[in-house]
Every structure is written in C-alpha cells, then in structure tokens.
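To keep things clear, I will list the structure first and then write my remarks on it.
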Amino acid sequence: MESRKIKDLLYEQVARVGKAASSPKRLELLDLLSQGEKTVEALASAASIDIKLASAHLKVLKEGRLVEARRDGRFIAYRLAGADVAGLWVNLRTVAEEHLVELRVALGQIFAAPERLTAETRISLLDKARQGKVIVIDVRPEIEYRAGHLPFARSMPLAEIERHLPDLPADKEIVAYCRGPFCLMSDEAVRLLRKRGYRASKISDGVAEWVMQGLPLDVSPLT
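Using our numbering, you'd call the opening residue of the sequence shown number 47 and step up by one each time.
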C-alpha cells in the first residue's frame, strides 16, 4: 500500500502540469510567452481577453510551475519557467496535429499553407539567408523580435510592412514567419507582398520550433 501511495503521488504531481495546460486560452498564453516576457496587459490584449481573466489563467499556470512572474514598476511581467515549457507547447501541438483530423482541417483553411521545415530545409534556409539569396522577415512586434529571432531575419512588424517595401529587393524571394503555425500575421504579410509583386511565402517555424531543433537564435536587446 505504501508503494501504491507513492506511485499515486508521482502521477498526481505530473498531472499538475496537464491540469495547468488544460485550457485553450492558457495554451495560447504559453504560445505568446514562448515569444518572450510580457506583461499581463500585453497578454490580455494579444489573447483577446480581459485583464482579470488573463490574471486568473496566469495564476493557474504559475501554480503549475509553468510560468514565473516579476514586478516591473507598477506592472507584473510573466515569462516561461524554462525553455522546456516552450518545448512542451510545441510537442503538445505536434501530437494534436498528428492525431486530430479536426485540427488538420482547421489548419488547411488558413490562407497560405506554411512550408513545414525539416532539419535539412532549416539548414538550407539558414544558408540562403546568410548568403542573401532569400530575405527572411519576422513580422511579429519588434519587442518579440528583440527577445529572440531567427538568424539573419529582418524585423518587419506586420503593421509596418508597407513603409518597409522600398527596402526589400524585388528580385529575391521573401520568407515570412511569426509565432508558429497558428499565427496568422505571416499570412497577411504574404498576401500583401504578393499583391505588390514580390515572390513571398511563409514557414511554419517560429522561435519555439527553431529552439526545439537545437538551432541558434539571435537577440537584439533594447538599448
């Protein structure tokens, strides 16, 4: 009986993580925090929920030891408890994509199906970007870009693409990425760029997926 109690306790502790992640909005918050530290207000805005509800979800995630909080003046900022938490989100999403046809159908309805990178195509993309054969653009907000971005990527937030068009060479392929396959900002960027005559596509990778493959990120800290 004593061994049974110990075994039950072990599973119970692991289940704390599952319980903390058992909400669509909490998963979205983990996805957002995979892009970098954010205040409660920023998370609430990005997830389209009110601050009170965002705080309640973050409390559950904190109790599950998936996020950590710190006070930043009069604001409270949250970050993932570790890079492995971003990996947890990516792995969970990947398993869901593999086994849930409903999710695959929903993804298929997105404007432009993103290119699914393999180990080889990730290295190939990195080499092409290094050589200037393709232009990789990060269409997330600049603060997320500064926290970590794919090597050789240019920061080009979706709201600012129009004014950056003169900086993009018309004779090279443009590859856009944002927060991963569930992010639609890159779809809008591709639509706009193609409308302007650019050869543009998007990839499914975001920074969390890149790190999961053991690939480096570049950081541009605020000065």
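C-beta: ideal position from N, C-alpha, C; glycine also.
Residue i, buried or exposed, once every other Cβ within 10 Å from all chains shown has been counted against 16
{"i": "K271", "result": "One cannot answer for residue 271 here, as it falls past the ends of the chain, which runs 47 to 269."}
{"i": "P215", "result": "exposed"}
{"i": "K248", "result": "buried"}
{"i": "P212", "result": "exposed"}
{"i": "D184", "result": "buried"}
{"i": "Y57", "result": "exposed"}
{"i": "P160", "result": "buried"}
{"i": "R62", "result": "exposed"}
{"i": "V141", "result": "exposed"}
{"i": "Q81", "result": "buried"}
{"i": "V113", "result": "buried"}
{"i": "G110", "result": "buried"}
{"i": "I207", "result": "buried"}
{"i": "E48", "result": "exposed"}
{"i": "T269", "result": "Caution applies to T269, whose pLDDT of 45 falls short of 50 and renders its modelled position unreliable; the value that the coordinates give is listed next. By the 10 Å Cβ count, T269 comes out exposed."}
C-beta contact flag for residue i and residue j at 7 Å
{"i": "V301", "j": "A100", "result": "Because the chain spans 47 through 269 in this model, residue 301 falls outside it and cannot be assessed."}
{"i": "I220", "j": "L196", "result": "no"}
{"i": "G194", "j": "V265", "result": "yes"}
{"i": "L150", "j": "L107", "result": "Here residue 150 is Arg; the residue named in the question, Leu, does not match the sequence. No, the Cβ-Cβ distance between R150 and L107 is not below 7 Å."}
{"i": "I181", "j": "K218", "result": "yes"}
{"i": "G252", "j": "R225", "result": "yes"}
{"i": "S232", "j": "A246", "result": "no"}
{"i": "A92", "j": "L78", "result": "yes"}
{"i": "H103", "j": "L138", "result": "no"}
{"i": "S250", "j": "R162", "result": "yes"}
{"i": "F198", "j": "R176", "result": "yes"}
Counterpart residues of residue i in DSSP-defined beta bridges
{"i": "F100", "result": "The amino acid occupying residue 100 in the given sequence is Ala; Phe does not appear at that position. According to DSSP, which records beta bridges pairwise, A100 is partnered with nothing at all."}
{"i": "A246", "result": "I220"}
{"i": "T85", "result": "A123"}
{"i": "E161", "result": "I249"}
{"i": "V113", "result": "L126"}
{"i": "I181", "result": "I220"}
{"i": "D118", "result": "F121"}
{"i": "D264", "result": "H195"}
Check: residue i C-beta below 6 Å from any heavy atom of the ligand NAP
{"i": "F121", "result": "The ligand content of the structure shown is nil, which means the ligand NAP is not present either."}
Contact between the segment 194-202 and the segment 127-134: three or more CB pairs below 8 Å?
no
Threshold first: 4 residues or longer. Then list the alpha helix (DSSP H) segments lying entirely within the segment 193-242, N to C.
Secondary structure remark: continuous alpha helix (DSSP H) runs of at least 4 residues inside the segment 193-242, in chain order: 207-210 and 231-241.
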